[in-house]
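Data block below; observations after.
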Amino acid sequence: MPPVLRHISFCLPKGKVLAIVGASGAGKSTLADLLPRFYDPTEGYIAIDGIPIERFSLSSWRQQFGIVSQEAILFNDTVRNNIAFGCDMPAPSDADIENAARIAHAHSFISRLEQGYDTIIGERGSKLSGGERQRLTIARAILKNPPILILDEATSALDSDSERAVQEALTQLMQQRTTIVIAHRLSTVKNADEIIVLSEGNIVERGTHAQLISQNGAYAQLWAAQSSLAIKQFRA
Ligand SMILES: Nc1ncnc2c1ncn2[C@@H]1O[C@H](COP(=O)(O)OP(=O)(O)OP(=O)(O)O)[C@@H](O)[C@H]1O
Ligand SMILES: [Mg+2]
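Written out as structure tokens, the structure is:
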């Protein structure tokens with residue numbers, strides 16, 4: 000099989016925000032998944048402060064990440080334990096868990112569940128809606144307070160009201176934190192320190208929003224298409 004990603008090279012400075020955009024299937028999630036080592040590259044390497052990441056134990060390396068992905072990673076356990084997952088030292092208090100859930104706009108739906116925070120959510124959270132699952136993983140990331148955040152379409156399953164509110168919480172969480180953000184909605188990537196445009200596994204453009212707009216290439220086209228769509232929706 001041909002590789003999904005090729006000729007990828009970039010540097011993510013501490014505390015900065017890197018956005019990855021591109022068509023469906025371009026390789027955005029695959030690229031983001033290399034960082035917490037859900038896959039290892041078949042060629043090349045990833046290093047932090049010059050040290051290849053395989054030198055760290057998988058558990059201590061993954062401790063550095065808060066991940067909100069397209070497919071929520073949830074377990075057939077209680078709401079409480081799902082939010083607290085990965086946050087074991089020190090174990091979070093119930094008040095901390097509830098606070099994170101409130102910020103992620105999850106507290107109200109959790110309170111309506113028969114057993115509240117003690118409700119078992121089913122295999123992969125099957126007893127919850129997509130938006131509810133997503134809000135649980137957002138609460139988990141907020142509670143964990145990690146140095147590196149990966150937000151892969153983190154609000155894609157939410158309705159626009161919850162999306163706006165949760166996006167605000169995520170923007171807060173991104174402050175002073177190294178972040179990789181993937182979003183089809185370009186308004187959420189506009190303020191990134193660097194934007195990488197992927198096409199069929201290659202980086203075809205990179206720069207800030209202003210640079211890429213003035214370059215008038217693939218990103219500028221995506222931006223123009225979304226802006227005219229937004230105007231049409233506004234008029235409709
Ligand atoms: N586990 C896998 N095994 C084999 N191929 C895969 C696997 N996951 C993804 N791919 C392939 O890798 C390519 C990139 O997929 P990826 O999920 O990274 O795309 P993406 O840019 O995140 O797309 P989307 O915007 O739809 O989320 C696709 O062609 C996909 O079919
Ligand atoms: Mg993806």
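Taken in order, the sequence shown gives residues 0 to 235; the numbers are from numbering that gives the first Met the number 0.
All C-beta atoms in this analysis are idealised placements derived from N, C-alpha and C, irrespective of residue type, glycine included.
Residue i (DSSP reduced to helix, strand or coil)
i, result
"residue 73", "coil"
"residue 201", "strand"
"residue 124", "helix"
"residue 24", "coil"
"residue 191", "coil"
"residue 216", "coil"
"residue 206", "strand"
"residue 112", "coil"
"residue 19", "strand"
"residue 119", "strand"
Spatial distance of residue i from residue j (CA atoms)
i, j, result
"residue 189", "residue 67", "19 Å"
"residue 213", "residue 164", "31 Å"
"residue 224", "residue 120", "39 Å"
"residue 236", "residue 94", "For residue 236 there is no data in the structure shown, the boundaries of the chain being 0 and 235."
"residue 219", "residue 211", "6 Å"
"residue 75", "residue 127", "11 Å"
"residue 77", "residue 59", "24 Å"
"residue 162", "residue 168", "10 Å"
"residue 192", "residue 208", "9 Å"
"residue 57", "residue 44", "15 Å"
"residue 156", "residue 72", "14 Å"
"residue 146", "residue 61", "11 Å"
"residue 142", "residue 178", "16 Å"
"residue 36", "residue 114", "35 Å"
"residue 9", "residue 1", "21 Å"
"residue 227", "residue 33", "34 Å"
"residue 125", "residue 131", "10 Å"
"residue 205", "residue 31", "16 Å"
"residue 23", "residue 47", "28 Å"
"residue 109", "residue 116", "6 Å"
"residue 96", "residue 63", "19 Å"
"residue 15", "residue 27", "18 Å"
"residue 39", "residue 84", "23 Å"
"residue 122", "residue 25", "29 Å"
"residue 215", "residue 187", "19 Å"
Any non-hydrogen atom of ligand 3 closer than 6 Å to residue i Cβ
i, result
"residue 219", "Looking for ligand 3 in the displayed structure turns up nothing; the ligands present are ligand 1 and ligand 2."
Mind listing which residues have their beta carbon within less than 7 Å of any non-hydrogen atom of ligand 2? Chain order is fine.
27, 28, 69, 151, 152 and 181
Check whether the region 60-75 touches the region 150-161, counting contact only when three or more Cβ pairs, one atom from each stretch, lie closer than 8 Å.
yes
Decide if the region 97-104 is in contact with the region 127-139; the criterion is three or more beta carbon pairs, one per stretch, under 8 Å apart.
yes
My parser needs the alpha helix (DSSP H) runs of 4 or more residues fully inside the region 48-106; what are they?
57-61, 78-83 and 93-102
So within the region 139-185, which uninterrupted alpha helix (DSSP H) runs reach at least 4 residues, ignoring any that extend past its ends?
159-173
Validate contact between the region 4-24 and the region 197-214 using beta carbons, cut 8 Å, 3 pairs:
yes
Could you say if the region 77-95 and the region 172-190 meet the contact criterion of at least three C-beta pairs nearer than 8 Å?
no
Are at least three pairs of beta-carbons, each pair with one atom in the region 177-187 and one in the region 8-27, less than 8 Å apart?
yes
Please confirm if the region 41-53 is in contact with the region 124-135, defined as three or more CB-CB distances below 8 Å between the two stretches.
no
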